[in-house]
Every structure is written in structure tokens, then in C-alpha cells.
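Just below is one structure, and these are the notes that go with it.
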Amino acid sequence: MTHLPVTAERSVLFVAYHFPPMRSAGVERSAKFVRYLPEFGFAPLVLSTRAFGGNADDGVVRCWESVGLYRRLLNPAARADPESASRTRTAGGQAGWLRAFRRVLFVPDGQITWLPGAAWSALRALRRQPTDLIYTSSPPWSAHLLGRFLKEQTGLPWVADFRDAWLYDPLDPALLTMPYRRELERRLEASVLAEADAVIAATQITADDLRCRYPEQAHKIHIV
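The number in this note's numbering is simply the position in the sequence shown, starting from 1, with 620 added.
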């Protein structure tokens with residue numbers, strides 16, 4: 621395991637696709653982590669996305685004025701409210717074959733298209749600002765693939781946060797109907813568990829599932 625250098629304040633690159641001003645349960649966890657990390661000696665630099673656009677609540681935005689924030693755009697058409705965008709796609713009668721094609725192509729999730737730009741932004745940020753730690757929050761699971769890549773490129777210690785379980789009670793129905801897809805994502809999950817210096821889970825059931833399926837990594841799995 622890579623050990624952090626002892627310094628007065630340590631910097632962490634905080635990769636969270638879901639982050640204010642977007643609003644969701646997953647956003648709250650990441651937002652609170654970033655809010656309170658300075659109390660524990662960590663200065664966060666957040667890497668997120670513009671895909672969900674802005675929010676009318678300026679108070680939410682002002683909360684993050686003191687936090688370094690990089691955003692990468694996933695898709696200009698997705699900058700509106702995600703529920704509204706979903707309704708628009710449905711109203712337009714998106715073909716079933718196109719949805720199936722995307723399900724097969726975008727592994728482990730649709731946010732995989734965010735990775736190239738996010739990786740470029742992350743490496744640029746890491747060159748400009750000395751950083752002690754990389755943190756990635758999932759879902760989307762592709763955030764952990766970014767974390768794995770950044771660790772390979774920089775040698776920095778990496779913490780992978782599982783807000784939800786990846787394969788246990790999966791959010792994506794494709795993991796229940798496509799055996800090859802489940803096996804592929806199991807291998808991706810295994811690589812994340814193997815390469816991360818620490819893994820944190822939001823719930824006991826997620827932690828127990830990971831410890832059961834990856835007993836050799838059980839020592840690095842924690843509940844927060």
C-alpha cells in the first residue's frame with residue numbers, strides 16, 4: 621500500500637461525476653465529504669461534469685467557491701435537467717435497437733464517454749497542483765476506471781468509494797440479462813478492488829458483499 625507523505629495539509633483530487641449544483645442522494649454524500657475534508661487536513665480539488673447544467677439555487681453554488689473545481693462536459697444535449705432530457709428522448713421515440721446498442725457499447729456505463737476529457741483534465745490539474753491522494757466516487761462505475769488510470773500514471777494512492785453496490789442488486793438491468801456483460805464488469809470491479817489502496821462503502825451490505833467476493837482485499841474495505 622502507498623503511504624501518504626506527512627504534511628501540514630494534504631491535497632486530494634476528488635472525482636465525483638454527481639456533484640452540486642446537481643441534486644440527488646449521491647450528490648449529498650460527495651458534497652458533505654468535500655465540505656468536511658478540510659477539517660481533517662485535506663484540501664479538495666473536485667473533478668466533475670457540466671452534463672446536468674446549472675441550478676437556480678445560487679446558495680448551493682456559493683458553498684463551493686473556495687473549492688477548486690474542474691468540470692468536463694459529457695454531452696451538450698444533456699445539460700438540461702436529466703429527468704427532462706429523459707422525457708424528451710422517450711417522447712421522440714428513441715428506437716429500441718439504439719438503446720440496446722448503447723447498452724452493449726458503453727461499458728460499464730454511459731458515462732464512459734466522459735473519461736477521455738476527464739482524464740486529460742485530471743492529469744493537467746495534477747501537473748499544476750501537487751496532490752497527495754486520488755478519490756473516486758461511484759456510480760457511475762467508470763469513475764473508478766479513471767481512478768485506476770490516474771494511479772497507474774502518477775503512482776498516487778487511490779481511494780474508491782462505492783455509494784452503491786456494483787454487481788450486488790445492480791442498477792443496470794443489463795447485468796441481469798447479459799451474462800457476458802456481467803462477467804466483464806465483474807473483472808473490471810475486481811481490478812478496482814485490487815488496485816485501489818482503500819475501498820469505502822456507504823452501507824454494511826455493500827461492504828459485506830465485496831468482502832465475501834474478494835476476501836483477499838477484505839483488509840482494505842471500510843464503511844463510511
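All C-beta atoms, glycine included, are put in the ideal place defined by N, C-alpha and C.
The structure presented is a predicted model; accordingly, all values stated were derived computationally and were not measured.
For residue i, which residues from the same chain have a beta carbon less than 8 angstroms from its beta carbon, with the 5 sequence-adjacent residues on both sides left out?
i: R630; result: L624, G661, F662, A663, D752, L753
i: Y788; result: I825, T826, D829
i: E836; result: none
Kindly list the residues whose CB is nearer than 6 angstroms to the CB of residue i, restricted to its own chain and excluding five residues on each side of it in sequence; keep chain order.
i: C683; result: Model confidence at C683 stands at a pLDDT of 36, short of 50, so the residue's coordinates are unreliable; what they give is reported in the following sentence. Closer than 6 angstroms at Cβ, skipping near neighbours: no residue.
i: Y593; result: The structure shown does not extend to residue 593, since the chain spans only 621 to 844, so no value can be given for it.
Closest by CA to residue i, which one among the options?
i: S650; options: A810, P835, S758; result: S758
i: L765; options: D784, W786, Q749, L808; result: L808
i: R747; options: T774, H638, Q731; result: T774
i: G730; options: V647, V654, A794; result: A794
i: V647; options: S741, P760, A742; result: P760
i: L743; options: R768, I732, L725, T733; result: R768
i: D784; options: T823, S741, L796; result: T823
i: W786; options: V654, K771, S644, R806; result: R806
Which partner residues of residue i appear in the DSSP bridge assignment?
i: L746; result: L746 is not bridged to any residue.
i: W778; result: I754
i: F634; result: V666, Y755
Would residue i and residue j qualify as a contact pair, given that the criterion is a beta-carbon distance under 8 angstroms?
i: R728; j: S762; result: Note on residue identity: the sequence assigns Pro, not Arg, to residue 728. Cβ distance < 8 angstroms, so P728 and S762 count as in contact.
i: I843; j: A814; result: no
i: A810; j: K840; result: no
i: L667; j: V635; result: yes
i: D781; j: Y755; result: yes
i: W778; j: A838; result: no
i: A745; j: L657; result: no
In chain order, what residues of the same chain have a beta carbon less than 7 angstroms from the beta carbon of residue i, not counting five sequence neighbours either side?
i: L804; result: V727
i: G674; result: Summary for G674: the model assigns pLDDT 48, below 50, so the residue's position carries little reliability, and this model does not support an answer.
i: V680; result: Only weak support exists for where V680 lies, its pLDDT of 35 falling under 50; the value from the coordinates is given anyway. P640, P641.
i: R707; result: For R707, the pLDDT reaches just 44, beneath the cut-off of 50, and the residue's location in the model is therefore unreliable, leaving the point undetermined.
i: A711; result: Only weak support is given to the placement of A711: the predicted model assigns it a pLDDT of 43, under 50, and the question is left unresolved by the model.
i: P750; result: S631
With respect to the beta strand (DSSP E) encompassing residue i, which residues constitute its N-terminal and C-terminal limits?
i: I732; result: Neither: I732 is in no beta strand (DSSP E) and is coded neither H nor E.
i: R831; result: It is not in any beta strand (DSSP E) - R831 instead sits in the alpha helix (DSSP H) that spans 824–833.
i: A818; result: 818–821
In the DSSP assignment, the alpha helix (DSSP H) including residue i goes from what residue to what residue?
i: L787; result: From DSSP, L787 is part of no alpha helix (DSSP H); its letter is neither H nor E.
i: P799; result: 799–815
i: F660; result: Here F660 belongs to no alpha helix (DSSP H), and DSSP marks it neither H nor E.
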